[in-house]
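Contents: one structure, followed by commentary.
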Amino acid sequence: MNAPLLTGAQDALARAIESRDHLRRSPTAYGGTAGYKEWYHFAVRGPELDLLVNFSLVDDLTRRARRGGELARITCLARTEQGWLGDVQDCPVHRVRASGGRVELEFGADRVAFDGKDYHIRAVLRNCPIALDLKLRPEAFPSEANNVDVEDGPCINWTVVPRLVARGTVWIGSRVYELVQCPAYHDHNWGHFRWGRNFAWEWGYALPNDLSDPYNIALVRLTDRGHNTDLMQGLFVWRDGRQVRVFRDQEVSVEHHGLLRPAQPFKIPAVMGLLSPGRVTDVPARYVLRAQGRGEWAEFEFVAHDLAQVIIPNDDDLGVTIINEVFGRMRFRGDIGGQAFDKEGASVCEFLGA
Amino acid sequence: MNSWEPNHTRRFSAFLARSLLVVQREHAKIYRQLALSISKLSVLCEVDGEQVRLVSDGLRLHLSESRHSTDVSQDVILRASRKVIRQLLRGELTLERAVWNDAVFLKGELEHVLSFYDGLQLYFAAAVRSPAFPLLLREFMSEPHTRGASLNGHQQERALR
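Encoded structure:
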């Protein structure tokens, strides 16, 4: 068993999470602006399993919805040697309990909560043979980015807990995966942004295979929908659970090389494949992010292998937004604070496309 | 309002009528676009041998039973089975592949087929945004399990403990 990175700092870490990762909640029921979205996202990398779980709560803007009504969904994607499996599952709103100001969200028996030590996530999909019951212990201080502008709409807010250690059980089909100490990632988004508006993002993280390795990173790049104009970009580097460097905007440059051409992308919800049947993606086959400033540098290189698509109807037109969840291998190297590093491993990047 | 109302909920024509009604009620703008996109077309849908004729006057869609339709009187003919439609809904088959494999049979002049396809996309776009559609779909699928098996009772119980 590896020693936690933040020995002696657990109380501070818990306070940081409770103060930054709590549910903000929609203001709509109290007369605020409608169209609010909020979600908790988790990614877990097991020895034979990659898992993405997302609990989202968005304002219900459908025609007959009452003001303040919400739609609750769990999006779950699992990647094993048998391939992809996943679904998007709705939860009736009367079964939703969302505790604003706390990290506590229940969709019936499915839930996300933070108890001061661990995140607990539990979900059972009805129409897809996936269930999970996991505890994730944070091993890095969270980072929060508020009021990130998009080109033509309300801003996005983001909290990231970039490094956790997961344990628990995942059931997929007839197989049971007992996770003991697996690297994991978590983020939390909220705001009034509208699907289909003039923005796209590239996002990724890298976690070490060896949990005693002190480094991990997260990266984000927000562009217009055509990927022609950068709106913001950053590379966030943690060492021993603490953020040691943020490269921003002018310090960062990004290159896309080639295009990933999956034979037939796995799509959820499956029915959305009728509206977005294509095999063509605008996901780069190779993605390189270079950062340099104040005598320090870092480079993240990601080679895409495989992807699944979460397809979302646009809010203001009849098109769709495609969230490409891309799995691949990464190399991350650099020199920060006089300490050189060079890491390789598995990684997940997310590319938002039209 | 659709001019034809179902009297048997298990029939495809009944599902189609109810779903168009949902589109009209919940997404009136898309419904109007849909009616416009296939206006002046006569579309014969045949699912497991059951025929229903769909026409549009440019403002509204009208369904009628079509027991004795002949191919020559239709601008577009669509033939499929419930099994194939379910496979499409589950993502086990793409529409493109289904057409290539003749699992979905489409016949008509190119211009008419393209207009029909535009209409079909509008119908899907409304369906995925409609709060009432999931229930309709569940009824249509009406199978206890979709896309392989769900976890069995024992597994679910374990997962929830």
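Keeping their order, the protein sequence lines are chains A and B.
Residues 1 to 354 in the numbering used here are what the first sequence lists, from first letter to last.
Residues 355 to 515 in the numbering used here are what the second sequence lists, from first letter to last.
All C-beta atoms, glycine included, are put in the ideal place defined by N, C-alpha and C.
Quick caveat: nothing in here was measured; it's all calculated off a predicted structure.
Taking 8 angstroms as the CB-CB limit, is A/T159 close to chain B?
Stepping through the first sequence from its first residue, residue 159 of chain A is reached at position 159. Among the CB atoms of chain B, none fall inside 8 angstroms of the CB of A/T159.
Endpoints, the beta strand (DSSP E) within which A/L51 is located
Along the first sequence, one-based indexing puts residue 51 of chain A at 51. 50-59 is the extent of the beta strand (DSSP E) around A/L51.
For B/F478, go through chain A and note every residue whose CB falls closer than 7 angstroms to its CB, in chain order.
Taking the second sequence and counting its residues from 1, the one referred to as residue 478 of chain B is at position 124. Residues of chain A with a Cβ closer than 7 angstroms to the Cβ of B/F478 are, in chain order, L274, L275.
Assign A/K343 to one of two classes, buried (16 or more other C-beta atoms within 10 Å of its C-beta) or exposed (fewer than that).
To locate residue 343 of chain A, count along the first sequence from 1; it is residue 343. Only buried fits A/K343, as 16 or more other CB atoms lie within 10 angstroms of its CB.
Rounded to whole angstroms, what's the CA-CA distance from A/A270 to B/R444? Just pull it up for me.
By one-based count along the first sequence, residue 270 of chain A stands at place 270. By one-based count along the second sequence, residue 444 of chain B stands at place 90. Between A/A270 and B/R444, the C-alpha separation is close to 5 angstroms.
Check A/P284 in the structure and name its three-state DSSP category.
To locate residue 284 of chain A, count along the first sequence from 1; it is residue 284. If DSSP states are grouped into helix, strand and coil, A/P284 belongs with coil.
Do A/L235 and A/A298 have their beta-carbon atoms positioned less than 8 angstroms apart in this structure?
Taking the first residue of the first sequence as 1, we reach residue 298 of chain A at position 298. Taking the first residue of the first sequence as 1, we reach residue 235 of chain A at position 235. In this structure, A/L235 lies closer than 8 angstroms to A/A298 by Cβ.
Using beta carbons (cut-off 8 angstroms, strictly below), is B/Q428 in contact with chain A?
Taking the second sequence and counting its residues from 1, the one referred to as residue 428 of chain B is at position 74. No, B/Q428 lies away from the interface with chain A (no Cβ there is under 8 angstroms from its Cβ).
Could I get the ranges of all uninterrupted beta strand (DSSP E) runs contained in the segment 430-459 of chain B, with 3 residues as the minimum, in chain order?
When DSSP assignments are scanned along the segment 430-459 of chain B, the uninterrupted stretches of beta strand (DSSP E) that are 3 or more residues long and fall wholly within it turn out to be 430-434.
Comparing the C-beta of B/E380 with each C-beta of chain A, is any distance below 8 angstroms?
Translated into the one-based positions of the second sequence, residue 380 of chain B becomes position 26. Under the Cβ distance rule, B/E380 counts among the residues neighbouring chain A, one pair being separated by less than 8 angstroms.
Along chain A, in chain order, which residues have C-beta atoms closer than 7 angstroms to that of B/V482?
By one-based count along the second sequence, residue 482 of chain B stands at place 128. Using a Cβ-Cβ cut-off of 7 angstroms, B/V482 is close to V271, M272, L275, P313 of chain A, given in chain order.
Assuming A/C91 and A/L52 are in contact, meaning their beta carbons sit under 8 angstroms apart, how far apart are those beta carbons, in whole angstroms?
As a working note, residue 91 of chain A is residue 91 in the first sequence. As a working note, residue 52 of chain A is residue 52 in the first sequence. Contact flag wrong, Cβ pair sits at about 18 angstroms.
Buried or exposed: which applies to B/H362, given that a residue is buried once 16 or more other Cβ atoms fall within 10 Å of its Cβ?
In the second sequence, the residue the question calls residue 362 of chain B occupies position 8. Only weak support exists for where B/H362 lies, its pLDDT of 44 falling under 50; the coordinates are left without a value.
Can you list, in chain order, the stretches of the beta strand (DSSP E) that have 3 or more residues and sit fully within the segment 225-265 of chain A?
Taking only runs of at least 3 residues, the beta strand (DSSP E) segments lying wholly in the segment 225-265 of chain A are 230-239, 242-248, 252-257.
Cβ shell of A/V246 (< 7 angstroms), same chain only, five flanking positions each side left out
Counting from one through the first sequence, the residue named residue 246 of chain A turns up at place 246. These residues qualify, in order along the chain: G234, F236.
Between the segment 121-140 of chain A and the segment 165-175 of chain A, do three or more beta carbon pairs fall short of 8 angstroms?
The segment 121-140 of chain A is in contact with the segment 165-175 of chain A.
When the cut-off is 8 angstroms and only beta carbons count, does B/E463 lie next to chain A?
Translated into the one-based positions of the second sequence, residue 463 of chain B becomes position 109. It does not; no Cβ of chain A falls within 8 angstroms.
Inspect the CB distances between the segment 300-307 of chain A and the segment 270-279 of chain A and report whether three or more fall short of 8 angstroms.
Judged by Cβ distances under 8 angstroms, the segment 300-307 of chain A makes no contact with the segment 270-279 of chain A, as fewer than three pairs qualify.
Chain B contacts made by the segment 52-80 of chain A, where a contact means CB separation under 9 angstroms:
Correct list: D60, T62, R63, R64, A65, L71.
Give the DSSP bridge partners of A/N189, in chain order.
Within the first sequence, numbered from 1, the residue matching residue 189 of chain A stands at position 189. A/W39, A/W158, per the DSSP bridge assignment.
Against chain A: residues of the segment 447-461 of chain B by CB proximity under 8 angstroms:
So the list reads T448, L449, E450, given in the order they occur along the chain.
Could you give the residue range of the beta strand (DSSP E) that holds A/M330?
Taking the first residue of the first sequence as position 1, residue 330 of chain A is located at position 330. First-last of the beta strand (DSSP E) with A/M330: 320-336.
Within chain B, partners of A/D240 - CB distance below 7 angstroms:
Taking the first sequence and counting its residues from 1, the one referred to as residue 240 of chain A is at position 240. Result: empty, since nearest Cβ-Cβ is about 35 angstroms, beyond 7 angstroms.
What is the rounded straight-line gap between the Cα of A/Q250 and the Cα of A/A291?
Start at 1 with the first residue of the first sequence, and residue 250 of chain A comes out as number 250. Start at 1 with the first residue of the first sequence, and residue 291 of chain A comes out as number 291. Each residue's Cα considered, the two are about 9 angstroms apart.
Which residue wins for smallest C-alpha separation from A/P27, given the options A/G35, A/D21, A/V244?
Position 27 of the first sequence holds residue 27 of chain A. Among A/G35, A/D21, A/V244, the Cα nearest to that of A/P27 belongs to A/G35.
In whole angstroms, give me the CA-to-CA distance for B/R483 and A/V160.
Working through the second sequence from its first residue, we reach residue 483 of chain B at position 129. Working through the first sequence from its first residue, we reach residue 160 of chain A at position 160. Approximately 30 angstroms, taken between the alpha carbons.
For B/S357, which residues from the same chain have a beta carbon less than 8 angstroms from its beta carbon, with the 5 sequence-adjacent residues on both sides left out?
Stepping through the second sequence from its first residue, residue 357 of chain B is reached at position 3. Any answer about B/S357 is weak, because its pLDDT of 44 lies below 50 and its placement is not dependable; what the coordinates show is given next. Here the set comprises R414, H416, L417, S418.
Residue closest to A/I323, alpha-carbon to alpha-carbon, out of A/R333, A/D306, A/E350, A/R329:
In the first sequence, the residue the question calls residue 323 of chain A occupies position 323. In terms of CA proximity to A/I323, A/E350 leads the group A/R333, A/D306, A/E350, A/R329.
Pairs of beta-carbons, one from the segment 328-348 of chain A and one from the segment 193-209 of chain A, closer than 8 angstroms: are there three or more?
Taking a contact to require three or more Cβ pairs closer than 8 angstroms, the segment 328-348 of chain A and the segment 193-209 of chain A qualify as touching.
8 angstroms contact criterion, which A/Y287 and A/H186 should meet: CB distance rounded:
Position 287 of the first sequence, counted from the start, is the residue given in the question as residue 287 of chain A. Position 186 of the first sequence, counted from the start, is the residue given in the question as residue 186 of chain A. About 22 angstroms separates the Cβ atoms of A/Y287 and A/H186, ruling out a contact at the 8 angstroms cut-off.
Would a C-beta distance cut-off of 8 angstroms place B/V458 and B/L468 closer than the cut-off?
Numbered from its first residue, the second sequence carries residue 458 of chain B at position 104. Numbered from its first residue, the second sequence carries residue 468 of chain B at position 114. Not a contact, by the Cβ cut-off of 8 angstroms.
What number of angstroms, rounded off, separates the C-alpha of A/R194 from the C-alpha of A/R175?
Looking up residue 194 of chain A in the first sequence gives position 194. Looking up residue 175 of chain A in the first sequence gives position 175. Straight-line Cα distance between these residues: approximately 38 angstroms.
Contact criterion: CB-CB distance below 8 angstroms. Does A/K343 meet it with respect to chain B?
Within the first sequence, numbered from 1, the residue matching residue 343 of chain A stands at position 343. False, the Cβ-Cβ gap to chain B never drops below 8 angstroms.
Going by DSSP, name the residue or residues bridged to A/I121.
Looking up residue 121 of chain A in the first sequence gives position 121. The beta-bridge partner set that DSSP reports for A/I121 consists of A/V112, A/L134.
Relative to the C-alpha of A/V88, which candidate in A/Q309, A/E106, A/D50 has its C-alpha closest?
Position 88 of the first sequence, counted from the start, is the residue given in the question as residue 88 of chain A. Nearest C-alpha to A/V88: A/Q309.
So which of A/R242, A/Q264, A/D230 has the shortest CA-CA distance to A/R248?
The residue you call residue 248 of chain A lines up with position 248 of the first sequence. For A/R248, the nearest C-alpha among the options comes from A/D230.
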